[in-house]
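Undergrad: One structure, as structure tokens, below. Some questions next.
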Amino acid sequence: MLTVLRGNPEANTQTGVREEAVGLPESSHGQHEKSQHHMHMPGFNHNGHKITKGIHPDGESGRGGVHPWHFVRICFRSSSHLSLVVNVLWPFVPAAIAIHFARPGLHLWIFILNYVAMVPTANLVGFAGQELARKLPKVLGLILETFLGGIVEIVLFMVLLHNSVNNSLIPVIRSAILGSILANLLLCLGFCFFAGGLRRNEQEFDEVISEVGNGQLLMAGFGLLIPSAFYASLRGSIEDAILEANVLHISRTTSVILLIAFLIYVWFQMHTHHGLYAASLEKDEERDADRHLDLAKDKLTFTECVVALLIALTCVSLHAVFLVEEIEYVVNEHGVSDAFMGLILVPLVEKAAEHLTAVDEAWDNQMNFALAHCMGATIQTALFNSSLVVIVGWGLNKSMDLNFEIFNIVVLIMAIIVVGNFLRDQKSNYLEGALCILIYIIIAIASWYYPNPTPGTTNTAEDGGIASNGTIP
Numbered sequence: 001m002l003t004v005l006r007g008n009p010e011a012n013t014q015t016g017v018r019e020e021a022v023g024l025p026e027s028s029h030g031q032h033e034k035s036q037h038h039m040h041m042p043g044f045n046h047n048g049h050k051i052t053k054g055i056h057p058d059g060e061s062g063r064g065g066v067h068p069w070h071f072v073r074i075c076f077r078s079s080s081h082l083s084l085v086v087n088v089l090w091p092f093v094p095a096a097i098a099i100h101f102a103r104p105g106l107h108l109w110i111f112i113l114n115y116v117a118m119v120p121t122a123n124l125v126g127f128a129g130q131e132l133a134r135k136l137p138k139v140l141g142l143i144l145e146t147f148l149g150g151i152v153e154i155v156l157f158m159v160l161l162h163n164s165v166n167n168s169l170i171p172v173i174r175s176a177i178l179g180s181i182l183a184n185l186l187l188c189l190g191f192c193f194f195a196g197g198l199r200r201n202e203q204e205f206d207e208v209i210s211e212v213g214n215g216q217l218l219m220a221g222f223g224l225l226i227p228s229a230f231y232a233s234l235r236g237s238i239e240d241a242i243l244e245a246n247v248l249h250i251s252r253t254t255s256v257i258l259l260i261a262f263l264i265y266v267w268f269q270m271h272t273h274h275g276l277y278a279a280s281l282e283k284d285e286e287r288d289a290d291r292h293l294d295l296a297k298d299k300l301t302f303t304e305c306v307v308a309l310l311i312a313l314t315c316v317s318l319h320a321v322f323l324v325e326e327i328e329y330v331v332n333e334h335g336v337s338d339a340f341m342g343l344i345l346v347p348l349v350e351k352a353a354e355h356l357t358a359v360d361e362a363w364d365n366q367m368n369f370a371l372a373h374c375m376g377a378t379i380q381t382a383l384f385n386s387s388l389v390v391i392v393g394w395g396l397n398k399s400m401d402l403n404f405e406i407f408n409i410v411v412l413i414m415a416i417i418v419v420g421n422f423l424r425d426q427k428s429n430y431l432e433g434a435l436c437i438l439i440y441i442i443i444a445i446a447s448w449y450y451p452n453p454t455p456g457t458t459n460t461a462e463d464g465g466i467a468s469n470g471t472i473p
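So, in structure tokens, the structure goes:
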């Protein structure tokens, strides 16, 4: 008589888990299959937990509510060894908050401590999002996880925009938009290719993820280029005030169009071509040799996921406010350029969790997941986050436009072309990863030496350029 059922990790699918009988007496193949059929228990997952209605078997925790000890232990363990190392930085969180109120004159230390404290809090946002995504269908879960990974960036953009007096932080926001794209496209993807290539000669990924993602990036690059090209072409030909107003209107209209493109992209993934993405992700799970270990880990309950997100987002918002308040001091007093602050420093801290997750997936030979994280985060920044900050700036009556420095826009277009070439054969290796990382380092060096714009001018204006101290309705 059967008394025990054991979940077979190799048999997990999106719709359920096949159960494997244990302790069956020796019998013919036909009798064995008949017994398995009668003892099939679709209401339980691989760990023997009863599946809650609406929860994917892979994300079922077997618990409910909030259990403080389990909650802290699971969050600290995180999803990978890299994330676990990052959690060692949690003592910086209370230290950064305390120094802001206790010693407000220590501007540099406030900036440094809050910069470091952003990393573990952003990591918690990413981990809670990942745990929540496990409880949903794979494609929907991945989209939600990518969005939550980018919510730190949205918070930073909104704080920068709100604190921008006389448009002083607008150049930093522009640089941060492109910097986030470059960090995902070159640094994160480069480390994914490199880490995965250290264990295997080549790794393969599906065309549906690479080609669709690359097409979206080309569209985003075109949209972000147009306002800058328009300004550069007509500067000196018409009055400065008219040119600035036209660029601002073009930027706002372009942002609405980019936002529509992002919504179409999400619809494409979730509805019309959902099956293609789901098949690619399931193929990755079959390739993951450590999947059975991952499935066996304790998981957060739905309520604990929400609590973790609330805690992490509260901390992230506080650190973002404290960090942004010190940016002008660091730029003016310590010789850090707006370009380096926006292109390099801000994106590194805001995308830390996303990068760690993607690299861990590449290490486990889940290149479709890793590429979906890198490309998804890049597309979200290029199409959604950049559009959102322009539209919110419109509502706040601030001159937030997409008139990027020529240096920045050239770097972006070249990065899209380089990465698109690497993705063309649906294969990757450590050489391509190393090249992406080296290109990013070259950009970082150049941005360090890039001068700040002259006070009272726009990001691209030279002497006698366009005044940008006011706002345009």
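Per the UniProt record's numbering, the very first residue in the sequence shown carries number 1; after that it's consecutive. Glycine residues also receive a C-beta, built at the ideal position from the N, C-alpha and C atoms. Predicted model, so just to flag it, every value in this text is computed and none were measured.
Indicate whether I391 and A220 have their beta-carbon atoms separated by less than 8 Å.
TA: Counted from its first residue, the sequence shown places residue 391 at position 391. Counted from its first residue, the sequence shown places residue 220 at position 220. Contact: no.
Undergrad: For R235, does the three-state DSSP call read helix, strand or coil?
TA: As a working mapping, residue 235 is identified with position 235 in the sequence shown. Note: R235 maps to strand in three-state DSSP.
Undergrad: Using a threshold of 8 Å, state whether the C-beta atoms of G433 and G190 are closer than that.
TA: Here residue 433 corresponds to residue number 433 of the sequence shown, with the count starting at 1. Here residue 190 corresponds to residue number 190 of the sequence shown, with the count starting at 1. Yes, they are a contact pair.
Undergrad: So which of Y440, I327, G342 has the shortest CA-CA distance to N114?
TA: Translated into positions along the sequence shown, residue 114 becomes position 114. The residue with the shortest Cα to Cα distance from N114 is I327.
Undergrad: Check each candidate in H273, F422, N167 and name the one with the smallest Cα separation from L371.
TA: For the purposes of this step, residue 371 is taken as the residue at position 371 of the sequence shown. If we check each option's Cα against that of L371, F422 comes out closest.
Undergrad: Of the residues G395, L438, G196, which one's Cα is nearest the Cα of V418?
TA: As a first step, residue 418 must be located in the sequence shown, where it is residue number 418. It is L438.
Undergrad: Is E202 helix, strand or coil when you go by DSSP?
TA: Working through the sequence shown from its first residue, we reach residue 202 at position 202. Correct three-state label for E202: coil.
Undergrad: Check K283 in the structure and name its three-state DSSP category.
TA: As a working mapping, residue 283 is identified with position 283 in the sequence shown. Of the three classes helix, strand and coil, the one that applies to K283 here is helix, per DSSP.
Undergrad: Would you kindly work out how many angstroms separate the C-alpha atoms of I443 and P91, rounded to a whole number?
TA: On the sequence shown, position 443 is the one that residue 443 refers to. On the sequence shown, position 91 is the one that residue 91 refers to. Distance between the alpha carbons of I443 and P91 is about 32 Å.
Undergrad: Would DSSP call S164 helix, strand or coil?
TA: Within the sequence shown, the letter at position 164 stands for residue 164. The answer is coil: DSSP assigns S164 none of H, G, I, E or B.
Undergrad: So is T253 buried or exposed if we call it buried at 16+ other beta carbons inside 10 Å?
TA: Residue mapping note: residue 253 aligns to position 253 of the sequence shown, counting from 1. When all chains shown are included, T253 counts as exposed.
Undergrad: DSSP three-state call for S428: helix, strand or coil?
TA: Along the sequence shown, one-based indexing puts residue 428 at 428. In the structure shown, S428 sits in a strand (DSSP, three-state: E or B).
Undergrad: Would you report the Cα separation of C374 and N184, rounded to the nearest angstrom?
TA: As a first step, residue 374 is located in the sequence shown; it is residue number 374 there, counting from the start. As a first step, residue 184 is located in the sequence shown; it is residue number 184 there, counting from the start. If you take the alpha carbons of C374 and N184, they lie about 6 Å apart.
Undergrad: Could you compute how far the alpha carbon of N365 sits from the alpha carbon of I99?
TA: Within the sequence shown, the letter at position 365 stands for residue 365. Within the sequence shown, the letter at position 99 stands for residue 99. Looking at the two C-alpha atoms, the distance is approximately 42 Å.
Undergrad: My understanding is that N385 touches E153, with C-beta atoms under 8 Å, so please give their C-beta distance in whole angstroms.
TA: Numbered from its first residue, the sequence shown carries residue 385 at position 385. Numbered from its first residue, the sequence shown carries residue 153 at position 153. The pair is a contact, with the Cβ atoms about 6 Å apart (cut-off 8 Å).
Undergrad: Sort G179, E239, S447, I416 by Cα distance to L348 and report the nearest one.
TA: In the sequence shown, counting from the first residue as 1, residue 348 sits at position 348. Cα-wise, what sits closest to L348 is G179.
Undergrad: Give me the Cα-Cα distance between D425 and G215, rounded to the nearest whole angstrom.
TA: As a working mapping, residue 425 is identified with position 425 in the sequence shown. As a working mapping, residue 215 is identified with position 215 in the sequence shown. The straight-line gap from Cα to Cα measures roughly 15 Å.
Undergrad: Could you give the DSSP three-state label for W90: helix, strand or coil?
TA: Counting from 1 along the sequence shown, the entry for residue 90 is found at position 90. In the structure shown, W90 sits in coil (DSSP, three-state: anything other than H, G, I, E or B).
Undergrad: Nearest to M270 by CA position, among A232, F147, V139, S251, is which residue?
TA: On the sequence shown, residue 270 is found 270 positions in, with the first residue counted as 1. Taking only the C-alpha atoms, the option nearest M270 is V139.
Undergrad: Smallest Cα separation from S387: which of L402, K398, A377?
TA: Position 387 of the sequence shown, counting from 1, holds the residue named residue 387. Out of L402, K398, A377, L402 has the C-alpha closest to the C-alpha of S387.
Undergrad: Comparing C-alpha positions only, which one of H162, G105, G141, C188 sits nearest to E350?
TA: Residue mapping note: residue 350 aligns to position 350 of the sequence shown, counting from 1. Nearest option by C-alpha distance: C188.
Undergrad: Please classify F193: is it buried, with 16 or more other beta-carbons within 10 angstroms of its beta-carbon, or exposed?
TA: Looking up residue 193 in the sequence shown gives position 193. Buried: at least 16 other Cβ atoms inside 10 Å.
Undergrad: How would you write the range of the alpha helix (DSSP H) that F384 sits in, first residue to last?
TA: Locating residue 384 in the sequence shown gives position 384, where the first residue counts as 1. From DSSP, F384 is part of no alpha helix (DSSP H); its letter is neither H nor E.
Undergrad: Measuring straight from C-alpha to C-alpha, what distance separates G30 and P137?
TA: Your numbering for residue 30 matches position 30 in the sequence shown. Your numbering for residue 137 matches position 137 in the sequence shown. Per-residue confidence for G30 stands at a pLDDT of 44, beneath the threshold of 50, marking its modelled position as unreliable; no derived number is given.
Undergrad: Locate the alpha helix (DSSP H) running through M341, then write down its first and last residues.
TA: Reading the sequence shown from its first residue, position 341 is the one you call residue 341. No alpha helix (DSSP H) contains M341, which DSSP labels as neither H nor E.
Undergrad: Since F111 and V346 should fall inside the 8 Å C-beta cutoff, what is the C-beta to C-beta distance between them, to a whole number of angstroms?
TA: Here the question's residue 111 lines up with position 111 in the sequence shown. Here the question's residue 346 lines up with position 346 in the sequence shown. Going by Cβ atoms, the distance from F111 to V346 rounds to 12 Å, so no, they are not a contact pair.
Undergrad: In three-state terms, what does DSSP make of Q366?
TA: On the sequence shown, residue 366 is found 366 positions in, with the first residue counted as 1. If DSSP states are grouped into helix, strand and coil, Q366 belongs with coil.
Undergrad: Rounded to whole angstroms, how far is the Cβ of G342 from the Cβ of R103, which I believe are closer than 8 Å?
TA: Sequence index remark: in the sequence shown, residue 342 carries index 342 (1-based). Sequence index remark: in the sequence shown, residue 103 carries index 103 (1-based). That belief does not hold up - the Cβ atoms of G342 and R103 are roughly 27 Å apart, past 8 Å.
Undergrad: Could you give the C-beta distance for L144 and G129, rounded to a whole number, given that I count them as a contact under 8 Å?
TA: Against the sequence shown, residue 144 aligns to sequence position 144. Against the sequence shown, residue 129 aligns to sequence position 129. Sure, about 7 Å apart at Cβ, within 8 Å.
Undergrad: Pick from L198, I97, T314, G236: whose alpha carbon is nearest that of V155?
TA: Sequence index remark: in the sequence shown, residue 155 carries index 155 (1-based). Among L198, I97, T314, G236, the Cα nearest to that of V155 is on T314.
Undergrad: Less than 6 Å between C-beta atoms, sequence neighbours within five positions excluded: which residues of the same chain meet that for A117?
TA: For the purposes of this step, residue 117 is taken as residue 117 along the sequence shown, with counting starting at 1. Same-chain partners within the cutoff: F92, V93, A96, H319.
Undergrad: Can you tell me whether N201 is buried or exposed? The criterion is at least 16 other CB atoms within 10 Å of its CB, across all chains shown.
TA: Looking up residue 201 in the sequence shown gives position 201. Exposed is the call here.
Undergrad: Going by Cα to Cα distance, which pick from E207, F230, L435 is closest to L281?
TA: Here residue 281 refers to the residue found at position 281 when the sequence shown is read from its first residue. Closest by alpha carbon: E207.
Undergrad: DSSP three-state label for R103, please.
TA: Taking the first residue of the sequence shown as 1, we reach residue 103 at position 103. In this structure, R103 counts as coil in the three-state DSSP scheme.
Undergrad: Just mark E333 as buried or exposed, buried being the case when its beta carbon has 16 or more other beta carbons within 10 Å.
TA: Locating residue 333 in the sequence shown gives position 333, counting from the first residue. E333 comes out exposed.
Undergrad: State buried or exposed for K297, treating a residue as buried only when at least 16 other CB atoms are found within 10 Å of its CB.
TA: Within the sequence shown, numbered from 1, the residue matching residue 297 stands at position 297. Per the 10 Å Cβ criterion, exposed.
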